[in-house]
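Residue numbers (my numbering), protein chains in the order written: chain A, 3 to 146; chain B, 632 to 949. What follows is one structure encoded as structure tokens, with my remarks underneath.
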Amino acid sequence: MKVRDIMTKDLTSCEKDVSIRELIFILDSAGVPNMPIVDEEDKVIGFISEKDIIRACLPGYFDMLHTASFIPDMNQISKKLEQISGDPVEKYMQRDMIVVTEDDDDLQAAEIIIRKNIKNLPVVDKYGRLVGQVKRIDLLRHLL
Amino acid sequence: MIITVTPNPAVDKIYWVDQLKMAKETQDEFLTRARKSDTSAGGKGVNISIFLSRLGVENVAMGFVGGYVGHVVVRDLRDEGVTTNFVWVNGETRTNVIVLERGHEYVPIMIDEPGPAITPEEVARFLRRYKRMLNRATWVILAGSLPPGVDGDLYRVLASMAKEAGARVVISAAGDALGRGLLAAPYIVKPDIRETPVINGLPLSTRSEIIDAGKRAVADGTGIVIVSHEVTGDIAITADGVWEILAPAKTTEFKNFVGADDVLLGGIVHMLNKGERLENALRFGMAAGMMSAESDKKICSDLDQIEKHMETISINKL
């Protein structure tokens, strides 16, 4: 089966200059964990997830910690989130994102989703324009 | 690619009842039980998107959605194979209630909510996304009412942008949204005459009024004006002439008139998009609309039935 046969045909996305506050609103309203970032021609140029925003709010030494007990409380994260809420998503988006095309095999999409541990995979046409997304649930629904 | 824009989509909640008791008649507390019900994504552009998708035509549905009902609209469209590209807003997408009483299905009771108020920021977000989509558009269908907060000039702006991008524009609306949209000289216009049978301040009640108003709109740059005249007949006006499209249906036999008008327009666009002549497109559209009205389902898309029904449609040049 091809990616086009299993993908969710949704083009919800945002531009690189959209603020983090606006992005959080879109993610929350649309009920999605991440979002492709597109340019003026709808070409996918990046990807941003809830995880990227949370990471941007954590102290730089977080990765070196074994537990979060060294972080005094959530206020610190809340303050940081408030600080970055006006920043453009461009500042925190992943630029080395992975995409698949409509004509790729579903197995290829499944492998990327499992190996890279991602929930949604953007699907593009031959011009690199967003045409949909493959979600983990899309794979499960079509496998059953 | 065909793009439909429904600024004020809805969930259509249809109830079939044996008898609808009205408070003013009973003067007492009462309960009307529905025999059955149906919930589906609605709004003019949404209905057209679903119809086109069932015919196998790729299309993208755009507009504003919000809240729980917004998710129902998007989910329903995706299940129908329509590509969705909506701007999420703070309010709640509206629910429209339709009651079909046994034996009187041809006069449905319809209660439409106003829809969520849209902010200027949300309109700006939509315009950016719409502009991007126009790179892929061959047809743009602007359909339905505008939600509160949206400037009445929206359809004119969207139509102008689409024309500049090389797309053919269709407007199906009423009132100010339609009147101002006409200034952009769209390719097809279908006035919604349920509430305001007027186009550009000219009445659309009698056949001669429709023809006069249509000719005026065509003289001002609109390509084709299509107006429903009586339930089973439409009038189409172009620079080449005026046609009356008639279906031999009995309105009292209609089972579900909801969305039939949108199916009619979707059918016309579908055929023109395939390169068919206008006369054939009008015949197909009318047949599709009639099949939809005569079916229990909100949108009938049985191609065999529609094509068979086309033979019964007559088109007369006036």
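Yeah, the Cβ is synthetic: ideal placement off N, Cα and C, and Gly gets one too. In this text, all values refer to a predicted model and were calculated from it rather than measured experimentally.
| Query | Result |
| --- | --- |
| Selection of the segment 17-29 of chain A by Cβ proximity to chain B, strictly under 7 Å | E17 and I28 |
| Three-way DSSP call (helix, strand, coil) for E752 (chain B) in this model | helix |
| Span of the beta strand (DSSP E), counted from its first residue to its last, around A768 (chain B) | Here A768 (chain B) belongs to no beta strand (DSSP E), and DSSP marks it neither H nor E. |
| Same chain, Cβ closer than 7 Å to P739 (chain B), neighbours up to 5 away in sequence not counted | I729, V730, L731, F888 and V889 |
| Members of the segment 878-901 of chain B near chain C, C-beta cut-off 9 Å | Protein chains in the displayed structure are A and B, and chain C is not among them. |
| C-alpha gap between I26 (chain A) and I120 (chain A), whole angstroms | 18 Å |
| Pick from B:E907, B:D782, B:L833 and B:V894 that is closest to I808 (chain B), judged by C-alpha positions | The sequence given here places Ala at residue 808 (chain B); Ile does not occur at that position. For A808 (chain B), the nearest C-alpha among the options comes from B:D782. |
| Assumed close pair G674 (chain B), N639 (chain B) - CB separation to whole angstroms, cut-off 8 Å | 6 Å |
| Alpha-carbon spacing of S21 (chain A) relative to P90 (chain A), whole angstroms | 4 Å |
| Amino acids of chain B, ordered along the chain, whose beta-carbon sits closer than 7 Å to that of A32 (chain A) | W719 |
| Contacts of R759 (chain B) in chain A (Cβ-Cβ under 8 Å) | E17 |
| Cβ neighbours of V754 (chain B) in the same chain (closer than 7 Å, five flanking residues each side left out) | V781 |
| Continuous alpha helix (DSSP H) stretch holding E732 (chain B): start and end | Per DSSP, E732 (chain B) belongs to no alpha helix (DSSP H); it is in the beta strand (DSSP E), R725 to E732. |
| Chain-ordered neighbours of V738 (chain B) on chain A, where CB pairs are closer than 7 Å | The contacting residues do not exist; V738 (chain B) stays about 37 Å from chain A at best. |
| Within 8 Å, strictly: CB atoms of W719 (chain B) and G746 (chain B) | no |
| Burial state of D823 (chain B), where buried means 16 or more other Cβ atoms lie within 10 Å | buried |
| First through last residue of the alpha helix (DSSP H) which encompasses L708 (chain B) | G698 to D710 |
| Boundaries (first-last residue) of the beta strand (DSSP E) holding Q96 (chain A) | From DSSP, Q96 (chain A) is part of no beta strand (DSSP E); its letter is neither H nor E. |
| Closest by C-alpha distance to L777 (chain B), when choosing among B:G810, B:M921, B:Q650 and B:R733 | B:G810 |
| Candidates B:L913, B:R908, B:F885 and B:G906, of which the one nearest G960 (chain B) by Cα | Since the displayed chain B opens at 632 and closes at 949, residue 960 (chain B) lies outside it and no answer follows. |
| Expected contact under 8 Å - CB spacing of V703 (chain B) and A692 (chain B) to nearest Å | Between A692 (chain B) and V703 (chain B) the Cβ distance is about 14 Å, and since that is not below 8 Å, they are no contact. |
| Integer-rounded CB distance, given that C59 (chain A) should sit under 8 Å from L83 (chain A) | 5 Å |
| Boundaries of the beta strand (DSSP E) in which K948 (chain B) is found, first to last residue | S945 to K948 |
| Extent of the continuous alpha helix (DSSP H) run through N911 (chain B) | L909 to A924 |
| CB-CB length for P817 (chain B) against I802 (chain B), believed under 8 Å | 5 Å |
| Three-state class that DSSP yields for F888 (chain B) in the structure shown | coil |
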